[in-house]
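A.B. asks: Anchor point for the sequence shown: position 49 equals 118 in the numbering used here, and the numbering is continuous, going up by one each time.
Every residue, glycine too, gets a C-beta built ideally from N, C-alpha and C.
Once you've had a glance at the structure underneath, I'll fire off some questions.
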Amino acid sequence: MDYRKSLAPPTTITRDVDNLTRQTGNIYETVIIVSRRANQIAVEMKQELNKKLEEFASYSDNLEEIFENREQIEISKFYERLPKPSLIALQELEEGKIFFRNPEKTTKQK
């Protein structure tokens, strides 16, 4: 999913616990699912940011002058303004965009 197009709110909002636990029936399982998805999103965001900032990296040991690159600052600010990975993951859960399974439940049902 493209997290830049996410409809997740940029700040924390109150959520209905019943809606969050509708698919799992257990708030703790829901928290684990959301946290694992948030970790995936955070890694993806960090890799993309690092890839974009690599162009600006200087490999010289010269510490005399450090130039501020306006484009680099704008890229960093863009990523800072994005919703946090946990908020994006919660939005995905509410929209039914997260696929999950519990191997313990599937083995017990067989």
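How big is the Cα-Cα spacing for R119 and S75?
C.D. replies: Residue numbering aside, residue 119 sits at position 50 when the sequence shown is read from its first letter. Residue numbering aside, residue 75 sits at position 6 when the sequence shown is read from its first letter. Note that residue 119 is Asn in the sequence shown here, rather than Arg. Whole-angstrom Cα-Cα distance: 21 Å.
A.B. asks: Using a threshold of 7 Å, is the CB atom of L118 nearer than that to any non-hydrogen atom of the ligand GTP?
C.D. replies: Within the structure as shown, the ligand GTP is missing, as the structure has no ligands at all.
A.B. asks: Just tell me which of K121, R170, A158 has its CA closest to the CA of E143.
C.D. replies: Taking the first residue of the sequence shown as position 1, residue 143 is located at position 74. With distances taken between Cα atoms, E143 lies closest to K121.
A.B. asks: Could you check where the alpha helix (DSSP H) with S182 kicks off and where it finishes?
C.D. replies: Residue 182 lies beyond the stretch modelled for the chain, which goes from 70 to 179, so this question has no answer here.
A.B. asks: Would F147 and N138 be called neighbours here (beta carbons separated by less than 8 Å)?
C.D. replies: Along the sequence shown, one-based indexing puts residue 147 at 78. Along the sequence shown, one-based indexing puts residue 138 at 69. It is not a contact, given that the beta carbons lie outside the stated cut-off.
A.B. asks: Leaving out five residues on either side along the sequence, give the residues of the same chain with a beta carbon under 7 Å from the beta carbon of D71.
C.D. replies: Within the sequence shown, residue 71 is the residue found at index 2, counting from 1. Within the same chain, D71 has no close Cβ partners at all.
A.B. asks: Please report the residue range of the alpha helix (DSSP H) in which P154 lies.
C.D. replies: Here residue 154 refers to the residue found at position 85 of the sequence shown. First-last of the alpha helix (DSSP H) with P154: 154-163.
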